[in-house]
Amino acid sequence: MIIKKKKKKADCNSQQNIDVHNSGNDNNQSNNKANKNTEKIHIEEKNEFSGINLDEIDFEQREERRRGDRRRGYRRIDERNLVSRAHEEANLIKKQARDDGYNEGINDAKNDLAEFKEALNVFYNAKDDAYNRLSEDILSISLNIAKKIIKSELQTNNEAIINMINEVLGEVSKDEHKITLIVSKRDLNQVKDRLSEIIKINNIEAKVNVIEDDEVQEGGVIVKTTSGIVDASITSQLKLVEEALQMI
22 MIIKKKKKKA DCNSQQNIDV HNSGNDNNQS NNKANKNTEK IHIEEKNEFS GINLDEIDFE
82 QREERRRGDR RRGYRRIDER NLVSRAHEEA NLIKKQARDD GYNEGINDAK NDLAEFKEAL
142 NVFYNAKDDA YNRLSEDILS ISLNIAKKII KSELQTNNEA IINMINEVLG EVSKDEHKIT
202 LIVSKRDLNQ VKDRLSEIIK INNIEAKVNV IEDDEVQEGG VIVKTTSGIV DASITSQLKL
262 VEEALQMI
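Everything in the sequence shown is counted per my numbering, starting at 22 for the first residue and increasing by one.
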């Protein structure tokens with residue numbers, strides 16, 4: 022009986038061991054199943070994120086930041102360049118304005134000088150033209166004035182013809198042997214009456230004759246000597262006056 026009990030007890034233990042084993046197997050199976058499910062989830066998650074490259078995302082972000090920095094840098098450079106160009110343009114405009122003002126002043130001065138020279142030329146040309154137009158009239162007027170002065174002098178001064186003869190004879194050489202005085206008809210008697218006085222005043226040793234000539238105007242005299250002729254007629258004197266006026 023004891024043996025049977027042990028056997029029964031052994032059977033119970035065996036059964037318990039079996040149950041425990043089976044229970045362990047069930048637990049293991051459950052754990053394995055859970056592990057498989059977890060592993061499946063991880064695999065699915067891994068598959069879900071396998072298409073995303075974190076390095077590429079990080080590189081793109083850094084690149085975008087760099088592009089942003091470059092754009093900001095470019096904007097700052099562009100702003101500085103704009104300011105610099107604005108200053109350069111302003112300086113160029115100022116310099117151009119100064120140069121334009123200086124050149125304009127020079128051109129104005131040149132134009133004024135040219136106008137002044139042209140005005141002078143017009144003035145001198147007008148003077149020459151006026152003189153050329155009036156020279157003949159002036160000469161004629163001057164000769165008429167000279168004639169009137171001479172006529173007035175002859176009419177008021179009875180000594181005019183005597184003074185004229187003494188002046189001419191004062192230039193004649195003392196070595197002359199013969200002298201002829203040619204006067205107007207109106208002056209003939211007066212000259213003959215004063216001839217001795219004339220010879221004495223001029224220390225003349227030559228023979229002196231007095232004749233009349235209708236071509237000789239009153240107050241004039243023509244002196245003939247062996248050396249030549251001295252024409253002191255009024256006509257000759259007026260001709261000298263005319264030549265002198267033409268030389269002015």
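Beta carbons are placed, not taken as given, at the ideal position from N, Cα and C, and that holds for glycine.
Just so you know, these numbers come straight off a predicted model, no measurement behind them.
Asked, Found
"Starting from Ile225, trace the beta strand (DSSP E) both ways and give me its first and last residue.", "Element bounds for Ile225: n/a, residue is neither H nor E."
"Look up Thr256 in the DSSP assignment and say whether it is helix, strand or coil.", "helix"
"What does the Cβ neighbour count give for Ala265, buried or exposed, with the cut at 16 atoms within 10 Å?", "exposed"
"Less than 7 Å between the C-beta atoms of Leu271 and Glu239, yes or no?", "This structure gives no information on residue 271, because the portion of the chain shown stretches from 22 to 269."
"Looking at C-beta atoms only, is the number of pairs between the stretch 243-257 and the stretch 188-206 that lie closer than 8 Å three or more?", "yes"
"According to the neighbour-count rule (16 or more other Cβ atoms, all chains shown, within 10 Å of its Cβ), is Ser254 buried or exposed?", "buried"
"What are the boundary residues of the beta strand (DSSP E) that includes Val244?", "Val242 to Lys245"
"Please state if the CB of Ile186 and the CB of Ile219 are separated by a distance shorter than 7 Å.", "yes"
"List the endpoints of the continuous beta strand (DSSP E) containing Val204.", "Lys199 to Val204"
"Helix, strand or coil, according to DSSP, for Glu192 in the structure here?", "coil"
"For the candidate residues Gly191, Val204 and Gln211, whose alpha-carbon lies nearest to that of Asn179?", "Gln211"
"When DSSP builds the beta bridges, which residues end up paired with Ile114?", "In the DSSP output, where bridge partners are listed per residue, Ile114 has none listed."
"With a Cβ-Cβ cutoff of 7 Å, do Val193 and Lys213 count as a contact?", "no"
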